[in-house]
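Residue numbering for the sequence shown follows my numbering, beginning at 571 and increasing consecutively.
Just so it is clear, CB atoms sit at the ideal spot from N, CA and C, and this is done for glycine as well.
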Amino acid sequence: MPLLTRNVPAPVAIEVRAGAVAGLTPLLADGRISSGGRVAVAVGPGQGADIAAQVAHAVPSATVMTINSGSLDGALELISSLRTSWYDAVVGIGGGKTLDAAKYAASMVGLPFVAVATNLSNDGLASPVASLESHGRKASFGVHIPIAVFVDIDYVRKAPLRHTRSGIGDVVSNLSAVADWQLAGAVNDEPVDGLAVAMARSAAEALVSRTDPIDDDAFLSTLAESLILSGLAMTVAGTSRPCSGGCHEISHALDASHGSPGLHGEQVGMGALFASWLRDDMALVAPIDACLQRYGLPRVPADLGVSTDDFCAAVLEAPDTRPDRFTILEHLAMDKQEVRERVDAFIAAFGR
571 MPLLTRNVPA PVAIEVRAGA VAGLTPLLAD GRISSGGRVA VAVGPGQGAD
621 IAAQVAHAVP SATVMTINSG SLDGALELIS SLRTSWYDAV VGIGGGKTLD
671 AAKYAASMVG LPFVAVATNL SNDGLASPVA SLESHGRKAS FGVHIPIAVF
721 VDIDYVRKAP LRHTRSGIGD VVSNLSAVAD WQLAGAVNDE PVDGLAVAMA
771 RSAAEALVSR TDPIDDDAFL STLAESLILS GLAMTVAGTS RPCSGGCHEI
821 SHALDASHGS PGLHGEQVGM GALFASWLRD DMALVAPIDA CLQRYGLPRV
871 PADLGVSTDD FCAAVLEAPD TRPDRFTILE HLAMDKQEVR ERVDAFIAAF
921 GR
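Next up, the structure:
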C-alpha cells in the first residue's frame, strides 16, 4: 500500500503572547502533562527564577532545580538531580542555553519537556537539537522536541536587546541554509525535503522584510513564531539541514577556534550574508543585508570584533566542523589565498 501521508511530531500546546506564562499552570495541572503537578522546574540565571517562583506557588508539588551552566556538564548535573526522584515532566525556563541543557536532560531520562522562553536568541525553542558546550567546543545532540512551548512577550521585552537581534539573525540565516541544501541536491543528489524547506523559508520570509520596531509586540510575536517554525522544520527533516548551512559552519569555527566572538544568531546572520554572496545569490543578499542593517546586526567581521585574518581562518576551518555537510564552502573548496581574496572583496562590498 503506498504511503500517502506522514506523521510529523509537534508540541501539543504553543502559546506566544503577552501573559502566556499564565497558561502554563493549568496546562501542567489539568492532566494533559501532570495531573498532580509533580514536575521538575529547571531554571537558569535571569528572569527564569521569577517565573519559577510563580509556578512553584501555583503548583506546590513542583521542584525547582537550578542549571548552573548551559553546558554538557550542566545538563549532566540536572540529569543526576532528576534521577533522585520521580517526575511527570521537566519544565525548562530561561534563555537558549538553559533550555538546551534542560531539553537534553529531559530527553536522556525519558521525560516530556515543556519549554518556557524568556528570550528569543535562537531557534532551539521547539527543535530536536540541543547545542551544548563540552571541553571548550559546542556540539549538537539529538533530543525529543518539547511537548509544549510558551513564549511570554512581556518577559521577552525585558531581555537584553542583543538577544532579540540574535534571534533575528538565526531565523534569517534559514534563507542561506535552504539555498545550500538545494545546492547539495543539485550537485550531489542529496535528498531535499520540500516540506522542511517550505517551513524554514516561510519562517525567514515572515521576518526578513518587516520594518516595524524590534520591541513591537507584533514583531516579537512573529519572531517567536518563526523560531518555533524553524525548529519544527528541523523535526520534519530529521536533521538541522533546513536551518544550518555554510553560515553555521563558519559560526561553529568561530566558536571552536576564535572565542565565540558573538551570540550564535549574530554569527550565523553574518555567515548567511557571506555565504549568499559567495553563491552570487543577489536575490538573497539584498534582503538579508537590508534586514541585518535595519535591526543593527553584524554584517562584516569587524562588527563582531573579529580580525580579517581570524575570519579567513574560520572560513577555512568551517567545512571541518560538519564533515557530512555540503554547502557553498565545500562546493568552492577555496584555498587560503582564494579565501583571503573573497573575504577582502566581501568586506569591501559590505563594510561600513
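- Contact check between the segment 701-708 and the segment 811-819: fewer than three CB pairs, one atom from each, fall below 8 Å, which does not count as touching.
- Of the candidates V885, V634, A583 and A628, V634 places its Cα closest to the Cα of V613.
- Excluding sequence positions up to five before and after K906, its CB lies within less than 8 Å of the CB of C882 and L886, all in the same chain and listed in chain order.
- Straight-line spacing of the CA atoms in E819 and P630 works out to 44 Å.
- Looking at the backbone, the Cα of H733 and that of N758 are separated by about 36 Å.
- Per DSSP, the continuous beta strand (DSSP E) segment holding L702 begins and ends at V699 to S704.
- Straight-line spacing of the CA atoms in E585 and D914 works out to 45 Å.
- As DSSP reads the structure, S641 sits in a beta bridge with E703.
- Taking a cut-off of 8 Å on C-beta distances, the segment 793-801 touches the segment 683-702, as three or more cross pairs fall below it.
- The DSSP-derived three-state label of G614 is coil.
- Under the three-pair Cβ rule at 8 Å, the segment 618-630 counts as touching the segment 590-606.
- The secondary-structure analysis by DSSP pairs S821 with nothing; it has no beta-bridge partner.
- Assignment of beta-bridge partners to A915 by DSSP yields no partner.
- Taking C-beta separations shorter than 8 Å and ignoring five residues to either side along the sequence, D786 has no partners in its chain.
- Assignment of T809 by DSSP, reduced to helix, strand and coil, places it in the coil class.
- By the criterion of a C-beta distance shorter than 7 Å, T891 is surrounded in its chain by E819, H822, A823 and A826, once the five residues flanking it on both sides are discounted.
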